Amino acid sequence: MSAQETEHASGQAPASTGRRTFLKGSAAIAAAPAVLTSRKSGAQTAGFPASPPVQPWAEELPAQITPIQPVASLDPAPTVSANLAAGECGRGDHQRFAELASNPVHYVLRARENPAWVFNPAYPPQPVWGWSGTPATSTDSGPTKGKGGGGKGGPKKNPPPVASDVTAPGPTFFARYGQPVVVRIINELPQNHVGFGSPEISTHLHNAHTPSESDGFPGDYFSASKAGPTLTMPGAWRDHFWPNVYAGLDEFGGIGDPREALGTCWYHDHTMDFTAPNVLKGLVGFYLLFDDLDSGDERDPNPAALRLPSHPYDYPLVFGDKRFDADGMLFYDQFDPDGVLGDQVCVNGKIQPVLRVARRKYRLRLLNGGPSRFYALSLVDPNFVLRPFTYIANDGNLLPAPVANMTTIDFGPAERADIVVDFSAYPIGTELYFVNRRIQTETRRYDGLTGTGTRVLKIVVDRNPPEADLSRVPATLRAMRPVSAEEIAAAPVRRWDFDRSNGQWTVNGKLFDLFRASASVRRGSAEVWEFVNNDDGWVHPVHMHFEESRLLSKRVQGVDLPVPLHERGRKDVYHLPRGPNTVLRVFVRFRDFTGKYVMHCHNLIHEDHAMMVRFDITS
Amino acid sequence: MKTHDMDATRQDRRAVLAGFGAAALGLLAWQGAILKPGPAQAKAPGRVPGRIPNPTVITHEGKALRFHDDLVRDKVVAISMTYAQCTASCPATMGNLLRVQKLLGERMGRDVFIYSITLFPEVDSPQVLKAYAEKFDVGPGWLFLTGAPDDIESLRRGLGFRDPDPVVDANRTQHANMIRIGNGARDRWTMAPGLVRPEQILSTINHIDHSVVHTAYAPSAPETPRQGRGGIPT
Ligand SMILES: [Cu+2]
């Protein structure tokens, strides 16, 4: 029945009753239920109340980051199969563990609530979910004592919360190719939590070359009392095997093809249906990967080393959009099908913080941590004059050559940009700002640019470096494996249409099916994937797990555009602009591991509404 | 939450419904009943972002209940929107929910409740919905709900069965494809598309039901006996 018929039907009613109130009411319904509805929904899209004002530049970010420290060993020692008896959740067996996990570096990472996080001094201390890299507290030796499987296990005692111990974002990893990592991730989130966010985790290391069972598949979420649909048993912890190998193991042997190196990775929760609230609550952190070329040592005597600015002048910054209620508490509407667009931008978990820097070169690794906002970030002086920087890596992957004199980082959720800023150009006392010039009022799309933008991070050049700056940005960075026209021509083409059907976010008209792969690809094969947007109402940041790929062509609203220099590297998130007739073509290989992976929209509200595809790599 | 006024309204509605008698409650009488102004209806409750609305709804059995207080507050629920004469997407979603009902087995009506709210309260009287429910052979714990149009509209918007495009939003037939899934006690909410496989809908329900350990459907898994969380108030 159409709405019109319904109106008609209700319009029949009044004549046969003598009650005035009834007549009045019925007449109103008959006149315009649809109009009434549309008026209300129009008011709806006006959005949520603005966050209360904050105190800008009141809090400083640490002058340098403190990486997570490994532990000497894990007890019990990691095993190929899940150690159910000791309380590990029922994950799949580690692939190629004997081959690739010799002498691994061990870490313990705990997902916990920090009860008193301060986003800004104007807001009250409040609970967030973050990570602790502290292996064990005095009251708790971890989940390793005694039997804990079967859903009743886990740490015997919940250790008392230690605010400083748990940060959101979590601690940064300094990892190195050729040094495999086993990280024991322990879920100590409050299981009786009330409100948005779900206290299970499935941690994705975006976008390392990770075997399926350690990739944070959405159905692999776990806690001591919950087993995700693709796990066999619950458990309070699980080991993730991050082998830190380059893609191309099978083809090149050793630890793979160094041209496939990633640099700026991040770990974040990927729990099915709850990624947006869980990431909003803080479950993100950086994972930086180094090798002989990008060695993380600007004084590296190895002549092959790039000697880019290195720790403590190598600094990751995650930008996250959040909204706060009238009391200054983090707000999320679990019922809004479009999620919540944050009107405050947190930088490393702080709103409008200050970063003090020395007069020298810095490598800043910027990440759009979502959930939904797109940014156009620029570095400006107090007069809003754009200051140039050098763009060296997109999505964490070093470009073949740096792009000098860039002034804007235009990125969507999950994209990354590494830049080098030379602060020696500024006298001591100079104040600079990162501003966001991107206009966006809805989660599903953005608009143009403003002139001045919103200040999100203040940088104060406040000292000379204690030592001469020996870092550099060489004219060539990391070579890329050539992709020949023949390879591209020979690759099967798969088309993925990002659309809206029947009021839902779909890919090829379908919704995420946890149990069935929409594509099966052979290990060792290569394909061309086309990401298509035929509607002008929305944009989608499309993310493929497991493999970096190459953008072959970019057609936006029917116009073939040159691929910009900074997008000519390897990428794993493709911001798919508005359609119609918008097509991104990418070339991607599927290498070295098998199993289930996902490709999805990284606007987290779309992801949670099933705009996701499972693809399997088969042997 | 409850006020004397609202209680009075409920009493009032019950009286009205009882007066007509379930069998005699035809369309005209239904419209008279739902349009009779009462204190709670004088103004449709505004949507509080992030909060479940609490209007009075009337079940296909003719009971007047408060949506949040009586049907959601301490329960695990799966909510769809539909209408009796729907021929497009509703039957598919309904068919899927029927499969979910079957997979839930004896948890249905004890631990998990399904509510199907009409998108067209003007025509879907309790009687119409009762016939609709019988057509689908729904078991205990599955209620079809109607009510005053403004109240149902506030529920629709409050539960997120809506579209930011005003044209799409105004077409009420467009809102029958989602299942809103939530745990009232934990105030934790998510959704499942109406047309994904029922095992996946079930695993989302199991995810949000804090008493369930294994979220995957396992036909051979022994049912853990446990206390239910109470039924529908009568
Ligand atoms: Cu999207």
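The listed protein sequences derive, respectively, from chains A and B.
Take the first sequence: its position 253, counted from the start at 1, is 253 in our numbering, and no numbers get skipped.
Take the second sequence: its position 9, counted from the start at 1, is 9 in our numbering, and no numbers get skipped.
The C-beta atom is built at its ideal place from N, Cα and C for all residues, glycine as well.
In this text the structure is predicted, and so the values were computed from the model without any measurement.
Interface flag, residue i vs chain A, CB-CB below 9 Å
{"i": "B:Arg-73", "result": "no"}
{"i": "B:Ser-89", "result": "yes"}
{"i": "B:Thr-82", "result": "no"}
{"i": "B:Thr-204", "result": "yes"}
{"i": "B:Val-212", "result": "yes"}
{"i": "B:Gly-50", "result": "yes"}
{"i": "B:Met-94", "result": "no"}
{"i": "B:Gly-147", "result": "no"}
{"i": "B:Asn-177", "result": "yes"}
{"i": "B:Val-57", "result": "no"}
{"i": "B:Val-76", "result": "no"}
{"i": "B:Gly-105", "result": "no"}
{"i": "B:Val-168", "result": "yes"}
{"i": "B:Gly-139", "result": "no"}
{"i": "B:Gln-11", "result": "For B:Gln-11, the predicted structure reports a pLDDT of 37, less than 50, and the residue's modelled location is therefore unreliable. A value from the coordinates is still provided. Taking Cβ atoms only, chain A never reaches closer than 9 Å to B:Gln-11, which makes this a no."}
{"i": "B:Arg-66", "result": "no"}
{"i": "B:Gly-182", "result": "yes"}
Presumed contact (8 Å Cβ cut-off) between residue i and residue j, rounded CB distance
{"i": "A:Ser-212", "j": "A:Thr-594", "result": "7 Å"}
{"i": "A:Arg-495", "j": "A:Glu-530", "result": "5 Å"}
{"i": "A:Leu-289", "j": "A:Cys-265", "result": "6 Å"}
{"i": "A:Val-598", "j": "A:Arg-614", "result": "6 Å"}
{"i": "B:Thr-146", "j": "B:Asp-124", "result": "5 Å"}
{"i": "A:Asp-333", "j": "A:Phe-48", "result": "7 Å"}
{"i": "A:Pro-465", "j": "A:Arg-591", "result": "No, A:Pro-465 and A:Arg-591 are not in contact; Cβ-Cβ is about 41 Å, not under 8 Å."}
Beta-carbon neighbours of residue i, restricted to chain A and to distances below 7 Å
{"i": "B:Gly-158", "result": "Phe-335"}
{"i": "B:Pro-193", "result": "Gln-504, Leu-511 and Ala-610"}
Contact with chain B by residue i, beta-carbon distance below 9 Å
{"i": "A:Phe-216", "result": "Reading off the sequence, residue 216 of chain A comes out as Gly, not Phe. No, no contact with chain B."}
{"i": "A:Val-613", "result": "no"}
{"i": "A:Ala-239", "result": "Correcting the residue type first, residue 239 of chain A is Asp in the shown sequence and not Ala. So no, A:Asp-239 is outside the interface."}
{"i": "A:Met-272", "result": "yes"}
{"i": "A:Gly-149", "result": "Confidence at A:Gly-149 is low in this model, with a pLDDT of 36, below 50, so the placement of that residue should be treated as unreliable; the coordinate-derived value is given next. No, its Cβ sits nowhere closer than 9 Å to a Cβ of chain B."}
{"i": "A:His-609", "result": "yes"}
{"i": "A:Ser-198", "result": "yes"}
{"i": "A:Tyr-123", "result": "no"}
{"i": "A:Thr-230", "result": "yes"}
{"i": "A:Gly-130", "result": "no"}
{"i": "A:Gln-55", "result": "no"}
{"i": "A:Gln-191", "result": "yes"}
{"i": "A:Gly-146", "result": "Confidence is the limiting factor: at A:Gly-146 the pLDDT is only 36, short of 50, which leaves the residue's position unreliable and the question unanswerable from this model."}
{"i": "A:Tyr-597", "result": "no"}
{"i": "A:Leu-249", "result": "no"}
{"i": "A:Gly-219", "result": "yes"}
{"i": "A:Gly-537", "result": "yes"}
Neighbour list for residue i in chain A, Cβ cutoff strictly below 9 Å
{"i": "B:Gln-174", "result": "Asn-502 and Gly-503"}
{"i": "B:Gln-101", "result": "What B:Gln-101 touches in chain A: nothing, since even the nearest Cβ is about 19 Å away."}
{"i": "B:Arg-197", "result": "Asp-513, Leu-514, Phe-515 and Arg-516"}
Beta-carbon neighbours of residue i, restricted to chain B and to distances below 9 Å
{"i": "A:Lys-226", "result": "Asn-206, His-207, His-210, Val-212, Val-213, His-214 and Thr-215"}
{"i": "A:Pro-76", "result": "Residues of chain B passing the Cβ test: none, with the nearest at roughly 23 Å."}
{"i": "A:Val-194", "result": "Ala-185, Arg-186, Asp-187 and Arg-188"}
{"i": "A:Leu-604", "result": "Chain B residues near A:Leu-604: none, gap ~13 Å exceeds 9 Å."}
{"i": "A:Pro-234", "result": "Val-213 and His-214"}
Residue i: contacting residues in chain B (beta-carbon distance under 8 Å)
{"i": "A:Tyr-332", "result": "Gly-50"}
Chain-ordered chain B contacts of residue i [CB-CB under 7 Å]
{"i": "A:Phe-48", "result": "Pro-49"}
- Listed in chain order, which residues of the segment 335–347 of chain A have Cβ atoms closer than 8 Å to some Cβ of chain B? Phe-335, Asp-336, Pro-337 and Asp-338
- Query: Is there contact between the segment 200–217 of chain A and the segment 181–193 of chain B, where contact requires at least three CB pairs shorter than 8 Å?
  - Reply: no
- Task: Tell me, please, whether the segment 408–416 of chain A touches the segment 600–612 of chain A by the rule of three or more beta-carbon pairs shorter than 8 Å.
- Result: yes
- Query: Per the contact definition of three or more C-beta pairs closer than 8 Å, is the segment 381–395 of chain A in contact with the segment 500–515 of chain A?
  - Reply: no
- Message: Residues of the segment 71–98 of chain A in Cβ contact with chain B at a cutoff of 7 Å, in chain order, please.
- Response: none
- Query: Do the segment 385–398 of chain A and the segment 295–304 of chain A make contact, defined as three or more Cβ pairs closer than 8 Å?
  - Reply: no
- So does the segment 581–595 of chain A actually touch the segment 418–431 of chain A, counting three or more Cβ pairs closer than 8 Å? no
- Task: Could you please tell me which residues of the segment 424–458 of chain A, in chain order, have their CB closer than 8 Å to any CB of chain B?
- Result: Glu-442 and Arg-444
- Query: Does the count of Cβ pairs from the segment 237–257 of chain A and the segment 335–353 of chain A closer than 8 Å reach three?
  - Reply: no
- Counting pairs of beta carbons, one from the segment 75–88 of chain B and one from the segment 102–114 of chain B, are three or more of them closer than 8 Å? yes
- Item | Contact residues within the segment 119–134 of chain B, judged by C-beta distance below 8 Å to chain A | Phe-120, Glu-122 and Val-123
- Query: Does the segment 196–206 of chain B come within contact of the segment 179–196 of chain A, defined as at least 3 CB pairs closer than 8 Å?
  - Reply: no
- Taking three-plus beta-carbon pairs below 8 Å as touching, is the segment 132–141 of chain B in contact with the segment 83–98 of chain B? yes
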